[in-house]
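Engineer: Pasting a structure here, questions to come.
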Amino acid sequence: MKGLFLSIQGRLFLWLAAFTSLLMVGIGVFLYYEVRSLVCDSLDRTLHSKMQIVRGLLHIENGAIELELSEVISGEYSTPRSGHYYKVMMDGRALAASPSLADEDFTFARRVVLFHGTPGEGTYDSTGPDKEPVRVLRNDFSFLGRDASVYVAESLVDSLNMIGMFRRVLFIVVPASIVVVCLVGLCIVRRSIRPLKAFSTRIEAITHKTMGERINTANEVKELVGLAGSFNAMLDRLQRAFESQRRLVSDASHELKTPVTVIKSQCDVVLRKERTGEEYREALATVQAVAGNMIRLVRSLLSLARLDSGMLAPVDFRPVVLKECMRDAVALVMPLADKKRIALRMDIHESLLVSGDRERLIEAFLNIVDNAVKYNREGGRVEITALREGAMIQMKVVDTGIGIKEENRAKIFERFYRENTAGDAEGTGLGLSIAKTILEAHGGEIRVASEQGKGSAFSMILPDNGSP
Numbered sequence: 004m005k006g007l008f009l010s011i012q013g014r015l016f017l018w019l020a021a022f023t024s025l026l027m028v029g030i031g032v033f034l035y036y037e038v039r040s041l042v043c044d045s046l047d048r049t050l051h052s053k054m055q056i057v058r059g060l061l062h063i064e065n066g067a068i069e070l071e072l073s074e075v076i077s078g079e080y081s082t083p084r085s086g087h088y089y090k091v092m093m094d095g096r097a098l099a100a101s102p103s104l105a106d107e108d109f110t111f112a113r114r115v116v117l118f119h120g121t122p123g124e125g126t127y128d129s130t131g132p133d134k135e136p137v138r139v140l141r142n143d144f145s146f147l148g149r150d151a152s153v154y155v156a157e158s159l160v161d162s163l164n165m166i167g168m169f170r171r172v173l174f175i176v177v178p179a180s181i182v183v184v185c186l187v188g189l190c191i192v193r194r195s196i197r198p199l200k201a202f203s204t205r206i207e208a209i210t211h212k213t214m215g216e217r218i219n220t221a222n223e224v225k226e227l228v229g230l231a232g233s234f235n236a237m238l239d240r241l242q243r244a245f246e247s248q249r250r251l252v253s254d255a256s257h258e259l260k261t262p263v264t265v266i267k268s269q270c271d272v273v274l275r276k277e278r279t280g281e282e283y284r285e286a287l288a289t290v291q292a293v294a295g296n297m298i299r300l301v302r303s304l305l306s307l308a309r310l311d312s313g314m315l316a317p318v319d320f321r322p323v324v325l326k327e328c329m330r331d332a333v334a335l336v337m338p339l340a341d342k343k344r345i346a347l348r349m350d351i352h353e354s355l356l357v358s359g360d361r362e363r364l365i366e367a368f369l370n371i372v373d374n375a376v377k378y379n380r381e382g383g384r385v386e387i388t389a390l391r392e393g394a395m396i397q398m399k400v401v402d403t404g405i406g407i408k409e410e411n412r413a414k415i416f417e418r419f420y421r422e423n424t425a426g427d428a429e430g431t432g433l434g435l436s437i438a439k440t441i442l443e444a445h446g447g448e449i450r451v452a453s454e455q456g457k458g459s460a461f462s463m464i465l466p467d468n469g470s471p
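Residue numbers for the sequence shown follow our numbering, so the first one is 4 and each next one is one higher.
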């Protein structure tokens with residue numbers, strides 16, 4: 004039963020069964036009481052008509068009140084205990100009674116009052132001479148100054164049998180109708196769920212090897228179009244993530260293969276024969292340089308892995324002073340800037356705050372400023388500014404370096420991408436990709452404007468944290 008509630012088909016069927024049962028039972032109860040009421044009303048109208056006839060037969064004969072029995076002595080009132088009775092009372096004494104009463108002193112004692120009609124007239128149930136249930140209509144009136152009462156009764160046996168038969172029919176029809184409606188409803192539910200099962204089958208067929216396949220929304224029913232679109236969008240995101248990871252592993256393998264090969268080749272050459280101390284130092288210096296580049300690459304890969312895993316969460320962010328972050332990043336670049344005689348100028352107000360991870364922001368700023376110095380010309384300049392624009396803070400790092408070709412600007416944020424114009428500048432090709440990922444994790448973005456041979460301007464936009 005629990006499994007039935009867990010499926011959409013089971014829930015729809017149970018809701019349909021419950022609703023159908025309540026509806027059919029309600030209809031059955033309504034029809035039963037409606038038919039019973041109609042039968043009783045019809046019988047009461049018949050009694051009223053007969054009472055009018057009996058009352059109209061009262062007349063005065065030789066100064067005495069009499070009932071013209073010849074008018075009603077035949078027919079249904081003449082057979083003893085026929086189920087059709089009347090009785091006329093005058094001043095509490097029996098004036099006349101139908102032969103069907105078989106001379107019994109029957110008083111038509113009241114058992115249950117069902118309803119009252121016109122003034123002086125009432126209808127109720129009682130027991131007849133043959134112990135059968137009867138319907139009695141009593142009419143009290145005044146006739147020539149005397150109190151008179153007319154009782155007209157009809158047997159309820161036939162009416163109750165008819166009502167009982169109708170009740171038995173309802174006991175058969177109502178459950179049968181519930182079963183039929185539920186079976187038809189089950190077929191409808193199964194047919195309605197069929198597109199969902201087909202949709203699920205198509206989803207199950209998509210694996211990491213068929214990630215490029217998509218659900219054709221044009222062939223789906225209206226209710227599944229939105230779900231199919233959302234699923235396709237999720238597949239797009241997953242495919243981009245898988246392709247990014249695959250490319251990362253491939254590029255990392257390629258990038259690490261070269262320095263490892265250099266180190267092994269250098270060691271093989273040096274170990275072939277006895278070398279001088281100077282040759283050993285040169286070989287170790289080469290290995291040290293290559294190993295240093297490998298360390299930087301591994302650190303960058305580790306940083307990207309952490310970022311891709313979602314380690315940067317807004318719940319852990321704290322207010323950060325932008326000037327302090329940029330100052331720490333600039334301090335790490337100053338040795339290279341001094342070596343190339345590059346002037347670094349920073350103009351950031353101390354009141355500018357953002358919400359984020361201080362260490363990761365320093366890492367992003369360091370990668371941008373490091374590129375501005377590394378790809379700058381000897382004796383060049385790097386200007387760092389920041390200003391508030393509405394609810395955002397825009398930081399700019401402008402250099403006088405070699406610039407970026409227009410066709411390459413969209414590629415510079417890709418992992419392991421390096422321009423051929425970089426000359427002998429060292430790098431892993433991951434710095435700008437890391438900076439972009441960090442800024443996006445903080446709800447920001449990074450843009451670049453550049454002119455080849457004149458320099459580049461990187462804009463880093465971050466949400467303002469309510470700076471005064």
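Just so it is clear, CB atoms sit at the ideal spot from N, CA and C, and this is done for glycine as well. Model, not experiment: these values are computed from the prediction.
Residues bridged to residue 92 by DSSP?
Structural biologist: Walking along the sequence shown from the start, residue 92 turns up at place 89. 97 and 152, per the DSSP bridge assignment.
Engineer: Beta-carbon separation of residue 177 and residue 30 under 9 Å?
Structural biologist: Sequence index remark: in the sequence shown, residue 177 carries index 174 (1-based). Sequence index remark: in the sequence shown, residue 30 carries index 27 (1-based). Yes, the pair counts as a contact, with Cβ atoms nearer than the cut-off.
Engineer: My understanding is that residue 101 touches residue 80, with C-beta atoms under 8 Å, so please give their C-beta distance in whole angstroms.
Structural biologist: Here residue 101 refers to the residue found at position 98 when the sequence shown is read from its first residue. Here residue 80 refers to the residue found at position 77 when the sequence shown is read from its first residue. That pair is a contact at about 4 Å.
Engineer: Put residue 385 into one of helix, strand or coil per three-state DSSP.
Structural biologist: One-based indexing of the sequence shown puts residue 385 at position 382. Here residue 385 sits in strand by DSSP.
Engineer: Check for me: the alpha helix (DSSP H) holding residue 162 runs from which residue to which?
Structural biologist: As a first step, residue 162 is located in the sequence shown; it is residue number 159 there, counting from the start. Here the alpha helix (DSSP H) through residue 162 covers 160 to 207.
Engineer: Using only alpha-carbon positions, find the residue among 46, 390 and 324 that is nearest to residue 163.
Structural biologist: One-based indexing of the sequence shown puts residue 163 at position 160. Closest option to residue 163, Cα to Cα, is 46.
Engineer: Mind reading off the beta-carbon distance from residue 415 to residue 435? Whole number of angstroms is fine, and I expect it under 8 Å.
Structural biologist: Along the sequence shown, one-based indexing puts residue 415 at 412. Along the sequence shown, one-based indexing puts residue 435 at 432. Contact holds; Cβ gap of about 5 Å.
Engineer: Going by beta carbon distance, what residues of the same chain come within less than 8 Å of residue 454, once the five residues before and after it are set aside?
Structural biologist: Taking the sequence shown and counting its residues from 1, one reaches residue 454 at position 451. Within the same chain, residue 454 has close Cβ partners 406.
Engineer: So which of 372, 61 and 50 has the shortest CA-CA distance to residue 3?
Structural biologist: This structure cannot speak to residue 3, because the chain is shown only from 4 to 471.
Engineer: Out of curiosity, what's the CA-to-CA distance linking residue 154 and residue 110?
Structural biologist: As a working note, residue 154 is residue 151 in the sequence shown. As a working note, residue 110 is residue 107 in the sequence shown. The straight-line gap from Cα to Cα measures roughly 9 Å.
Engineer: Determine, using beta carbons only, whether residue 337 and residue 368 come nearer to each other than 9 Å.
Structural biologist: Sequence index remark: in the sequence shown, residue 337 carries index 334 (1-based). Sequence index remark: in the sequence shown, residue 368 carries index 365 (1-based). No, Cβ-Cβ distance for residue 337 and residue 368 is not below 9 Å.
Engineer: Which residues does DSSP list as the beta-bridge partners of residue 143?
Structural biologist: Indexing the sequence shown from 1 puts residue 143 at position 140. Looking at the DSSP assignment, residue 143 forms a beta bridge with 152.
Engineer: Taking Cβ positions, are residue 378 and residue 402 nearer each other than 9 Å?
Structural biologist: The residue labelled residue 378 in the question sits at position 375 within the sequence shown. The residue labelled residue 402 in the question sits at position 399 within the sequence shown. For residue 378 and residue 402, yes; Cβs fall inside 9 Å.
Engineer: If you compare alpha carbons, which of 184, 218 and 288 is closest to residue 198?
Structural biologist: Within the sequence shown, residue 198 is the residue found at index 195, counting from 1. For the residues 184, 218 and 288, the minimum Cα distance to residue 198 belongs to 218.
Engineer: Terminal residues of the continuous alpha helix (DSSP H) containing residue 435?
Structural biologist: Locating residue 435 in the sequence shown gives position 432, counting from the first residue. Taken as a continuous stretch (DSSP letters only), the alpha helix (DSSP H) holding residue 435 covers 434 to 444.
Engineer: Quick check: the Cα distance between residue 290 and residue 269, rounded to an integer number of angstroms?
Structural biologist: Reading the sequence shown from its first residue, position 287 is the one you call residue 290. Reading the sequence shown from its first residue, position 266 is the one you call residue 269. Going from the Cα of residue 290 to the Cα of residue 269 covers about 7 Å.
Engineer: Is it buried or exposed for residue 280, if we count other Cβ within 10 angstroms and need 16 for buried?
Structural biologist: Reading the sequence shown from its first residue, position 277 is the one you call residue 280. Result: exposed.
Engineer: Tell me whether residue 289 sits in a helix, a strand or coil according to DSSP, three-state version.
Structural biologist: Within the sequence shown, numbered from 1, the residue matching residue 289 stands at position 286. Note: residue 289 maps to helix in three-state DSSP.
Engineer: Residue 125 to residue 11, Cα distance in whole Å?
Structural biologist: Along the sequence shown, one-based indexing puts residue 125 at 122. Along the sequence shown, one-based indexing puts residue 11 at 8. Going by the C-alpha atoms only, they are around 57 Å apart.
Engineer: Can you tell me whether DSSP reads residue 214 as helix, strand or coil?
Structural biologist: By one-based count along the sequence shown, residue 214 stands at place 211. It is coil, neither helix nor strand.
Engineer: Run through DSSP, which three-state label would residue 352 get?
Structural biologist: Mapped onto the sequence shown, residue 352 falls at position 349. Residue state, collapsed to three classes: coil.
Engineer: Name the DSSP beta bridge partners of residue 460, please?
Structural biologist: What you label residue 460 is simply residue 457 of the sequence shown in a count that begins at 1. Bridge partners of residue 460: 401 and 452.
Engineer: Would you kindly work out how many angstroms separate the C-alpha atoms of residue 266 and residue 467, rounded to a whole number?
Structural biologist: Locating residue 266 in the sequence shown gives position 263, where the first residue counts as 1. Locating residue 467 in the sequence shown gives position 464, where the first residue counts as 1. In a straight line, the C-alpha of residue 266 is about 47 Å away from that of residue 467.
Engineer: Check whether the stretch 145 to 161 touches the stretch 88 to 99, taking contact to mean three or more Cβ pairs, one atom from each stretch, closer than 8 Å.
Structural biologist: Short answer: they touch.
Engineer: The beta strand (DSSP E) spanning residue 14 covers which residue range?
Structural biologist: Working through the sequence shown from its first residue, we reach residue 14 at position 11. Segment 11 to 59 is the alpha helix (DSSP H) holding residue 14; no beta strand (DSSP E) there.
Engineer: Run through the DSSP bridge pairs and tell me what residue 346 is partnered with.
Structural biologist: Residue mapping note: residue 346 aligns to position 343 of the sequence shown, counting from 1. Per DSSP, 384.
Engineer: Identify the residues that DSSP records as bridge partners of residue 396: which are they?
Structural biologist: Numbered from 1 along the sequence shown, position 393 holds the residue referred to as residue 396. Its beta-bridge partners are 391 and 465.
Engineer: Between the alpha carbons of residue 375 and residue 354, how many angstroms are there, rounded?
Structural biologist: For the purposes of this step, residue 375 is identified with residue 372 of the sequence shown, where counting begins at 1. For the purposes of this step, residue 354 is identified with residue 351 of the sequence shown, where counting begins at 1. If I take the Cα positions, the gap works out to 25 Å.
Engineer: Just mark residue 135 as buried or exposed, buried being the case when its beta carbon has 16 or more other beta carbons within 10 Å.
Structural biologist: Position 132 of the sequence shown holds residue 135. It counts as exposed.
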